[in-house]
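Colleague: Quick one: this structure, given as structure tokens, is what I'll be asking you about.
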Amino acid sequence: MTDKTPRLTFLGGAGTVTGSKYLVEFPRARLLVDCGLFQGFKQLRLRNWEPFPVEPRTIDAVVLTHAHLDHTGYLPLLARNGFRGPVYCTPPTEDLSGLILPDSGHIQEKDADYANRRGFSKHKPALPLYTQEDAERSLRQFRPLDFGREHEILPGVAVRFRVAGHILGAASIELVHDGVRTVFSGDIGRFNSPTMPDPETVPAADHLLVESTYGNRRHEDRSPEDAIAEVVSRTSARGGTVLVPAFAVGRAQALLWHLHRLKQSGRIPDIPVFVDSPMARDATEIFCAYPALTRLPAGEFHAACKATRYVRDVEESKSLDAMPMPKVIISASGMATGGRVLHHLKVFAPDRRNTILFSGFQAGGTRGATMVAGADSVKIHGGQVPIRAEVANLPMLSAHADVDELLRWLRGFERPPKATWIVHGEPEASDALRLRIQEELGWACGVAEHGARVALG
275 MTDKTPRLTF
285 LGGAGTVTGS
295 KYLVEFPRAR
305 LLVDCGLFQG
315 FKQLRLRNWE
325 PFPVEPRTID
335 AVVLTHAHLD
345 HTGYLPLLAR
355 NGFRGPVYCT
365 PPTEDLSGLI
375 LPDSGHIQEK
385 DADYANRRGF
395 SKHKPALPLY
405 TQEDAERSLR
415 QFRPLDFGRE
425 HEILPGVAVR
435 FRVAGHILGA
445 ASIELVHDGV
455 RTVFSGDIGR
465 FNSPTMPDPE
475 TVPAADHLLV
485 ESTYGNRRHE
495 DRSPEDAIAE
505 VVSRTSARGG
515 TVLVPAFAVG
525 RAQALLWHLH
535 RLKQSGRIPD
545 IPVFVDSPMA
555 RDATEIFCAY
565 PALTRLPAGE
575 FHAACKATRY
585 VRDVEESKSL
595 DAMPMPKVII
605 SASGMATGGR
615 VLHHLKVFAP
625 DRRNTILFSG
635 FQAGGTRGAT
645 MVAGADSVKI
655 HGGQVPIRAE
665 VANLPMLSAH
675 ADVDELLRWL
685 RGFERPPKAT
695 WIVHGEPEAS
705 DALRLRIQEE
715 LGWACGVAEH
725 GARVALG
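In the working numbering, each residue carries its 1-based index in the sequence shown increased by 274.
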């Protein structure tokens with residue numbers, strides 16, 4: 275190791291599944307891989323408000339694995355505080371970020387305004403972390419790059435995007451400098467997913483960062499359509515509404531596809547399906563624009579989208595709460611951390627006829643995790659909301675590989691990396707994956723710690 279050896283610092287996504295940020299320092303350049311927002315527990319969310327560990331203006335470029343907020347959501351603040359370099363990503367990630375980031379800023383502004391009007395914030399006044407305008411300004415720095423080719427993004431530094439299968443446009447990143455190859459897995463998707471392609475294997479790496487969201491769990495070996503059919507049928511039979519907190523990008527499209535197939539086969543009643551998320555509608559249009567990057571049959575998926583009722587304005591959203599008939603409402607966010615779904619929860623959660631149906635992993639400290647764990651009430655907009663509705667989850671709908679699928683992806687490497695770091699997982703999951711890798715693959719690996727700095731020699 276010399277003074278010119280590149281170094282990697284874990285600035286997020288270590289010990290947690292949120293806030294992914296990995297700073298790579300070369301002799302003459304600084305690069306940030308992912309720029310995510312911390313979510314969940316308050317002590318994590320407070321990190322979003324702390325000064326960034328290095329001056330944003332000293333970062334030369336950002337490279338993104340995919341568009342979810344836990345990988346992109348800090349970008350508007352980084353740019354507002356001085357980052358002026360390019361943001362490299364795949365074309366679908368650029369398109370989806372154009373929806374997700376402004377929406378994040380808009381929600382933060384609305385939540386701050388609501389808190390100030392209702393007076394339940396401890397801060398006087400409550401302020402957004404960043405605004406919609408901040409987000410829109412940061413989008414001007416995006417520079418899309420195609421999958422599958424090496425692109426020089428800084429002098430002597432090249433990047434290659436490989437299909438990760440997690441959501442549309444999601445990539446694993448190969449970073450090459452002076453012949454040294456560092457691979458960032460990003461979020462690895464499922465094998466044999468009905469909606470997304472299999473994650474592409476990577477032949478070689480000198481250094482590897484691998485996610486561990488499901489590092490200690492296997493997905494339930496059950497058809498998601500069987501589970502959805504049971505929930506929708508029993509809820510509608512008692513005259514209730516199925517409220518589905520869902521990520522507007524990826525999860526909402528998968529749910530629409532499954533619900534359409536269930537209706538077509540007569541396995542669920544022909545009740546209305548509402549998507550109360552303008553972003554989900556726009557994201558669905560983006561999915562339709564990249565048929566080669568999904569497994570969705572284009573014609574049938576278009577039919578599923580046309581059969582769905584999209585809710586645009588706030589008044590129409592409020593009207594859903596007053597509709598007495600059985601229905602399905604899909605509304606962001608997926609872990610019930612913000613957005614329109616909170617207003618629906620206040621109406622539907624206290625009624626035993628209804629079902630709150632989560633659709634995958636719920637990070638610790640989120641309302642989703644609290645409700646799935648069986649809480650009697652959750653705090654929303656400063657008040658406690660009783661949970662009397664049925665609460666169910668569809669973990670098999672997760673867009674993350676489980677532990678066996680992660681091992682399957684890792685076995686695609688032709689030789690062991692010199693070093694492997696486990697990231698993007700809660701402590702128990704990360705350590706469980708570390709043990710599996712050591713015992714089954716015989717690789718040298720360790721669990722990343724927040725703030726730790728390692729050499730990439």
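Positions of the beta carbon are idealized from the N, C-alpha and C atoms, including for glycine.
Could you give the distance in angstroms between the alpha-carbon of Arg-627 and the alpha-carbon of Asp-676?
Modeller: About 33 Å.
Colleague: Based on DSSP bridge pairs, tell me the residues matched to Cys-579.
Modeller: The partner list for Cys-579 (beta bridge, DSSP) is empty, contrary to what the question assumes.
Colleague: Between the region 358 to 373 and the region 405 to 416, do at least 3 Cβ pairs fall closer than 8 Å?
Modeller: Segments in contact, yes.
Colleague: Report back the beta-carbon spacing between Val-307 and Val-298 to the nearest angstrom; my notes put them in contact at under 8 Å.
Modeller: With 8 Å as the limit, Val-307 and Val-298 qualify as a contact, their Cβ atoms being about 6 Å apart.
Colleague: Give me whichever residues DSSP pairs with Tyr-584 in a beta bridge.
Modeller: In DSSP, Tyr-584 forms a bridge with Val-549.
Colleague: Less than 9 Å separating the beta-carbons of Glu-688 and Pro-360?
Modeller: In this structure, Pro-360 does not lie closer than 9 Å to Glu-688 by Cβ.
Colleague: Could you tell me which residues DSSP puts in a beta bridge with Asn-667?
Modeller: Its beta-bridge partners are Phe-632.
Colleague: Which residues does DSSP pair with Ile-654 in a beta bridge?
Modeller: Paired residue(s): Gly-657.
Colleague: Rounded to whole angstroms, what's the CA-CA distance from Pro-690 to Arg-496? Just pull it up for me.
Modeller: One C-alpha to the other measures close to 33 Å.
Colleague: Can you list, in chain order, the residues of its chain with a C-beta nearer than 7 Å to that of Asp-334? Leave out the 5 residues immediately preceding and following it.
Modeller: Excluding sequence neighbours, Asp-334 sits near Ala-303, Arg-304, Leu-305, Gly-359 and Leu-428.
Colleague: How close, in whole Å, do the beta carbons of Ser-605 and Ser-551 come, if the pair is a contact with beta carbons under 8 Å?
Modeller: Confirmed, Cβ separation roughly 6 Å.
Colleague: What are the start and end residues of each continuous alpha helix (DSSP H) run of 4 or more residues lying completely inside the region 447 to 516, in chain order?
Modeller: Listed in chain order, the complete alpha helix (DSSP H) runs (minimum 4 residues) inside the region 447 to 516 are 498 to 511.
Colleague: If the criterion is Cβ atoms closer than 9 Å, does the pair Arg-555 and Ser-591 meet it?
Modeller: No; because the gap between Cβ atoms is not below 9 Å, this pair is not in contact.
Colleague: With a threshold of 16 other CB atoms inside 10 Å of the CB of Gln-658, please say whether the residue is buried or exposed.
Modeller: With fewer than 16 Cβ atoms within 10 Å of its Cβ, Gln-658 is classed as exposed.
Colleague: Bridge partners of Phe-300, per DSSP?
Modeller: In DSSP, Phe-300 forms a bridge with Ala-303.
Colleague: Can you tell me where the alpha helix (DSSP H) holding Ala-353 begins and where it ends?
Modeller: Start and end: 349 to 354.
Colleague: Since His-425 sits in a beta bridge, which residues does DSSP pair it with?
Modeller: DSSP, once it has assigned bridges, lists Val-433 as partnering His-425.
Colleague: Who are Lys-601's beta bridge partners in DSSP?
Modeller: Looking at the DSSP assignment, Lys-601 forms a beta bridge with Thr-515.
Colleague: Quick check on the burial criterion: 16 or more other C-beta atoms within 10 angstroms. Buried or exposed for His-698?
Modeller: By the neighbour-count rule (16 or more Cβ atoms within 10 Å), His-698 is buried.
Colleague: Between the alpha carbons of Met-275 and Val-454, how many angstroms are there, rounded?
Modeller: Confidence in Met-275 is poor, its pLDDT being 44 and thus under 50, which makes the residue's placement unreliable; the coordinate value appears in the next sentence. If you take the alpha carbons of Met-275 and Val-454, they lie about 13 Å apart.
Colleague: Could you say if the region 342 to 358 and the region 320 to 334 meet the contact criterion of at least three C-beta pairs nearer than 8 Å?
Modeller: Touching, yes, given that three or more Cβ pairs across the two stretches are closer than 8 Å.
Colleague: Between Leu-349 and Val-336, is the Cβ-Cβ spacing less than 9 Å?
Modeller: Yes; because the gap between Cβ atoms is below 9 Å, this pair is in contact.
Colleague: Ignore the nearest five residues each way along the sequence and tell me which others in Pro-565's own chain have a CB closer than 6 Å to its CB.
Modeller: Within the same chain, Pro-565 has close Cβ partners Ala-572.
Colleague: In terms of residue numbering, what span does the alpha helix (DSSP H) encompassing Arg-392 cover?
Modeller: First-last of the alpha helix (DSSP H) with Arg-392: 365 to 392.
Colleague: Could you pull the DSSP bridge partners for Thr-339 from this structure?
Modeller: DSSP, once it has assigned bridges, lists no residue as partnering Thr-339.
Colleague: State the Cα-Cα distance for the pair Cys-363 and Leu-517, rounded to the nearest angstrom.
Modeller: Going by the C-alpha atoms only, they are around 33 Å apart.
Colleague: What is the DSSP secondary structure of Val-721, reduced to helix, strand or coil?
Modeller: Residue state, collapsed to three classes: strand.
Colleague: Whose C-beta lies closer than 8 Å to the C-beta of Asp-408 among residues of the same chain, with five residues either side of it excluded?
Modeller: Here the set comprises Pro-350, Leu-351, Ala-353, Arg-354 and Gly-379.
Colleague: Please classify Thr-283: does DSSP put it in a helix, a strand, or coil?
Modeller: Strand, per DSSP.
Colleague: Given a threshold of 16 other Cβ atoms within 10 Å of its Cβ, counted over all protein chains shown, does Glu-679 qualify as buried or as exposed?
Modeller: Result: buried.
Colleague: Hey, would you say Leu-311 sits closer than 9 Å to Gly-289, going by beta carbons?
Modeller: Result no, Cβ atoms of Leu-311 and Gly-289 do not sit closer than 9 Å.
Colleague: If I measure Cβ to Cβ from Glu-438 and keep anything under 8 Å in the same chain, skipping five residues before and after, which residues do I get?
Modeller: For the record, residue 438 in the displayed sequence is Ala; it is not Glu. Once the five neighbours on either side are set aside, the close Cβ partners of Ala-438 are Thr-339, His-340, Ala-444, Ala-445, Ser-446, Ser-459, Gly-460, Asp-461, Ile-462, Gly-463, Pro-473 and Glu-474.
Colleague: In this structure, what does DSSP give as the bridge partners for Thr-694?
Modeller: Leu-482 and Cys-719, per the DSSP bridge assignment.
Colleague: Give the DSSP bridge partners of Ser-309, in chain order.
Modeller: The sequence given here places Cys at residue 309; Ser does not occur at that position. Answer by DSSP bridge pairing, in chain order: Lys-295.
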